[in-house]
Amino acid sequence: MNYQQQWIAFSTLVRKEIRRFLRIWMQTLLPPAITMSLYFIIFGTLIGSRIGDMGGFTYMEFVVPGLIMMSVVTNAYSNVVSSFFGAKFQRFVEEILVSPMSNSIVLWGYVIGGVARGLLVGLIVTLLSLFFTKLQVQHVAVTIGIVLLTSIMFSLAGFINAVYANNFDDVSIVPTFVLTPLTYLGGVFYSIDLLPEFWAKVSQLNPMLYIVNAFRYGLLGVSDVSVGLAFGMVGLFTLAAYGYCLYLLNTGKRLRQ
Amino acid sequence: MTHALEISGLKKVYDNGFEALKGIDLVVKEGDFFALLGPNGAGKSTTIGIVSSLVKKTSGDVSVFGYSLDKQLAQAKQQIGLVPQEFNFSNFEAVWDIVVNQAGYYGLPRKEAEQRAEKYLRQLDLWDKRFVASRMLSGGMKRRLMIARALIHEPRLLILDEPTAGVDIELRRSMWQFLTEINRSGTTIILTTHYLEEAESLCRNIAIIDAGKIVENTSMKALLKQLHREVFVFDCVNELPEDFSLPGFDSSRMDAHCVEVAVERGDSLNAIFTALTEQGVEVASMRNKANRLEELFVSLLAKK
Numbered sequence: 001m002n003y004q005q006q007w008i009a010f011s012t013l014v015r016k017e018i019r020r021f022l023r024i025w026m027q028t029l030l031p032p033a034i035t036m037s038l039y040f041i042i043f044g045t046l047i048g049s050r051i052g053d054m055g056g057f058t059y060m061e062f063v064v065p066g067l068i069m070m071s072v073v074t075n076a077y078s079n080v081v082s083s084f085f086g087a088k089f090q091r092f093v094e095e096i097l098v099s100p101m102s103n104s105i106v107l108w109g110y111v112i113g114g115v116a117r118g119l120l121v122g123l124i125v126t127l128l129s130l131f132f133t134k135l136q137v138q139h140v141a142v143t144i145g146i147v148l149l150t151s152i153m154f155s156l157a158g159f160i161n162a163v164y165a166n167n168f169d170d171v172s173i174v175p176t177f178v179l180t181p182l183t184y185l186g187g188v189f190y191s192i193d194l195l196p197e198f199w200a201k202v203s204q205l206n207p208m209l210y211i212v213n214a215f216r217y218g219l220l221g222v223s224d225v226s227v228g229l230a231f232g233m234v235g236l237f238t239l240a241a242y243g244y245c246l247y248l249l250n251t252g253k254r255l256r257q
Numbered sequence: 001m002t003h004a005l006e007i008s009g010l011k012k013v014y015d016n017g018f019e020a021l022k023g024i025d026l027v028v029k030e031g032d033f034f035a036l037l038g039p040n041g042a043g044k045s046t047t048i049g050i051v052s053s054l055v056k057k058t059s060g061d062v063s064v065f066g067y068s069l070d071k072q073l074a075q076a077k078q079q080i081g082l083v084p085q086e087f088n089f090s091n092f093e094a095v096w097d098i099v100v101n102q103a104g105y106y107g108l109p110r111k112e113a114e115q116r117a118e119k120y121l122r123q124l125d126l127w128d129k130r131f132v133a134s135r136m137l138s139g140g141m142k143r144r145l146m147i148a149r150a151l152i153h154e155p156r157l158l159i160l161d162e163p164t165a166g167v168d169i170e171l172r173r174s175m176w177q178f179l180t181e182i183n184r185s186g187t188t189i190i191l192t193t194h195y196l197e198e199a200e201s202l203c204r205n206i207a208i209i210d211a212g213k214i215v216e217n218t219s220m221k222a223l224l225k226q227l228h229r230e231v232f233v234f235d236c237v238n239e240l241p242e243d244f245s246l247p248g249f250d251s252s253r254m255d256a257h258c259v260e261v262a263v264e265r266g267d268s269l270n271a272i273f274t275a276l277t278e279q280g281v282e283v284a285s286m287r288n289k290a291n292r293l294e295e296l297f298v299s300l301l302a303k304k
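Line by line, the protein sequences are chains A and B.
Residue 156 in this note's numbering sits at position 156 of the first sequence; the count goes up by one each step and never skips.
Residue 185 in this note's numbering sits at position 185 of the second sequence; the count goes up by one each step and never skips.
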């Protein structure tokens, strides 16, 4: 395939992926909007008003970056894992496997679909948050950089999950039992300065802590951890996940008999 | 001359240790209409899976129009259109999207993809259903959708894995006609089927695979010549006596109005009619007892 043909193949896959999650917006876009609105009302307004300031910001201002990032992570991951596993389950992944598309185009097609949903949901949640608080972006490059890198990383992770999943239970295990707890314990609702020293150190093993704090730094200009370290870690995980996804596609593991 | 498909020493051992292919060699000439027959589990779908790169081979070489699967995979894939045995499209997508997207995966510009989609959906009587979700189609329509999707990039080699399974007779015949036209226009076709009549009427060359080995690979004519004996059934107007037999012939009474007679190749049927007339039997109609190829198929598998 020449470059033009590769571009056509890639854009076909991306368009298909975006149309898929737009078509089922009641399942993909509406739930995070409702859930996050409830978070804003309950944690931000009702409980937040009694908590007072955190890190020099109102509690609502403090939790908004984490909640936006939580939506991006969950939706980027869920989009790829459900789409690719669905293709495997109904066997229409074969449409792609028999085509002359290169494995990296296939991978990027799915990843960009996940990134698109992550960013769109992130945007919806950001717009909703404006009903509850004011947002001023302090560091534009950091904000855009971390949200892009994070959505790519979790789209790749979703792809790996989809390749290994044997049934729909396997698709929901990671978001339910890994992503959600890590996000809740990753400094979305509190600063790790509030934790006892031991638990603060334990928290530093949680990758979500770095992602949430880097994004919070981009919006509010404060972070519990080094932003450079956060980018380094997310970048490293993204590279490792990308390499592993390509390995799975190139070897055909769990995709070709 | 470049062959449409060349397979040599192809072996496949699945992870569970099952040896599906035991080193098969096969050549399909360009422009051929080729039948790959065999009982269930013989290795037909594994062979097709390897050629279309859905199954990983254990060893051996496969090339499609000279493009090696090992060295020029993308070019080889570009030559192939696959119609698999089982439905493998998204249940939620519309017919139009399935076909046009497939064209995109092969790098066809959108405009050209849409023109071809219209052409093939019209030819396969799916144009009126183009905006219908695929899950709403009947079984026959789903089969035709898979053919339209396989043809959208206009492959030089079309592989059909039991394309008429579960399709009614009328539709099956219209699909035969369509495939014959596609073949006449220059597309090489490889077909696996359980309907031996289908292979006999469509294909020029044939390979029979059993237990992972090719047990016969010849032209359809040459294969049918191997038939030494055919059995004819005579439907008689009058009732036949219980102990009816035809002297000088291998015959047996099937019921009150039917008698079957085995005939060696080259024997005249006139002698049978004469003998029947002498016995006072009036023949209403006559038919072949079974599909000739089917008989041969069974005897070949029994022999090897």
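Every residue, glycine too, gets a C-beta built ideally from N, C-alpha and C.
As the structure is a computational prediction, the values presented were derived from the model and not from experiment.
Simplified DSSP assignment, three categories, for residue i
i, result
"S185 (chain B)", "coil"
"Y217 (chain A)", "helix"
"I7 (chain B)", "strand"
"A275 (chain B)", "helix"
"N288 (chain B)", "strand"
"F189 (chain A)", "coil"
"S138 (chain B)", "coil"
"M54 (chain A)", "strand"
"D250 (chain B)", "strand"
"E114 (chain B)", "helix"
"E17 (chain A)", "helix"
"D128 (chain B)", "helix"
"V81 (chain A)", "helix"
"E94 (chain A)", "helix"
"E154 (chain B)", "coil"
"E30 (chain B)", "coil"
Rounded separation between residue i and residue j - CA only
i, j, result
"L205 (chain A)", "R15 (chain A)", "37 Å"
"A116 (chain A)", "Y210 (chain A)", "22 Å"
"V83 (chain B)", "I189 (chain B)", "11 Å"
"I18 (chain A)", "Y105 (chain B)", "16 Å"
"K57 (chain B)", "T251 (chain A)", "12 Å"
"I152 (chain A)", "K221 (chain B)", "59 Å"
"Q226 (chain B)", "F34 (chain B)", "19 Å"
"E216 (chain B)", "E200 (chain B)", "15 Å"
"L191 (chain B)", "L37 (chain B)", "8 Å"
"P196 (chain A)", "Y190 (chain A)", "13 Å"
"G66 (chain A)", "I98 (chain B)", "39 Å"
"Y3 (chain A)", "P100 (chain A)", "13 Å"
"P207 (chain A)", "A241 (chain A)", "14 Å"
"Y184 (chain A)", "W127 (chain B)", "51 Å"
"E230 (chain B)", "V259 (chain B)", "14 Å"
"A9 (chain A)", "G107 (chain B)", "5 Å"
"R305 (chain B)", "I41 (chain A)", "Outside the shown range of chain B, which is 1 to 304, sits residue 305 (chain B), and nothing can be said about it."
"E181 (chain B)", "A207 (chain B)", "22 Å"
"I24 (chain A)", "I105 (chain A)", "24 Å"
"G122 (chain A)", "G235 (chain A)", "20 Å"
"S68 (chain B)", "S52 (chain B)", "12 Å"
"L223 (chain B)", "G81 (chain B)", "28 Å"
"E282 (chain B)", "S252 (chain B)", "16 Å"
"D70 (chain B)", "A76 (chain B)", "9 Å"
"L121 (chain B)", "G232 (chain A)", "51 Å"
8 Å Cβ shell around residue i - same chain, five flanking residues per side excluded
i, result
"R172 (chain B)", "T164, Y195, E198"
Same chain only: Cβ atoms within 7 Å of residue i, ignoring 5 sequence neighbours per side
i, result
"Y217 (chain A)", "H139, V142, S223, V227"
"R204 (chain B)", "D32, F33, S219, M220"
"A20 (chain B)", "K12, Y14, G43, T46, G212"
"V132 (chain B)", "A94, V95"
"M36 (chain A)", "L67, S71, V125, L128"
"G186 (chain B)", "G31"
"F85 (chain A)", "A162, A165, V171"
Residue i - partner residues in DSSP beta bridges
i, result
"I24 (chain B)", "B:L10"
"E264 (chain B)", "B:R229"
"V259 (chain B)", "B:F234, B:R253"
"A76 (chain A)", "DSSP, once it has assigned bridges, lists no residue as partnering A76 (chain A)."
"V283 (chain B)", "B:C236"
"A133 (chain B)", "B:A94"
Sequence-distant residues of its chain with Cβ nearer than 6 Å to residue i (five each side left out)
i, result
"S63 (chain B)", "E6"
"I152 (chain B)", "V99, Q102, A103, R116"
"M146 (chain B)", "V83"
beta-carbon residue i near the ligand PLP non-hydrogen atom, thresh 8 Å
i, result
"Y14 (chain B)", "Because no ligand of any kind appears in the structure shown, any question about the ligand PLP cannot be addressed here."
**Study point:** Length at least 3, wholly inside the stretch 33-111 of chain B: the beta strand (DSSP E) runs in chain order
**Key:** 33-37, 59-64, 80-83
Point to revise | Within the stretch 157-244 of chain B, ranges of the alpha helix (DSSP H) (whole runs, at least 4 residues) | key: 169-184, 196-202, 220-225
Point to revise | alpha helix (DSSP H) runs contained entirely in the stretch 206-254 of chain A, provided each spans 4 or more residues | key: 207-220, 227-251
Review point. Can you list the alpha helix (DSSP H) stretches of 4 or more residues lying completely in the stretch 139-197 of chain A, in chain order?
Key: Restricting attention to alpha helix (DSSP H) runs no shorter than 4 residues, the stretch 139-197 of chain A encloses them at 140-164, 168-174, 180-184, ordered along the chain.
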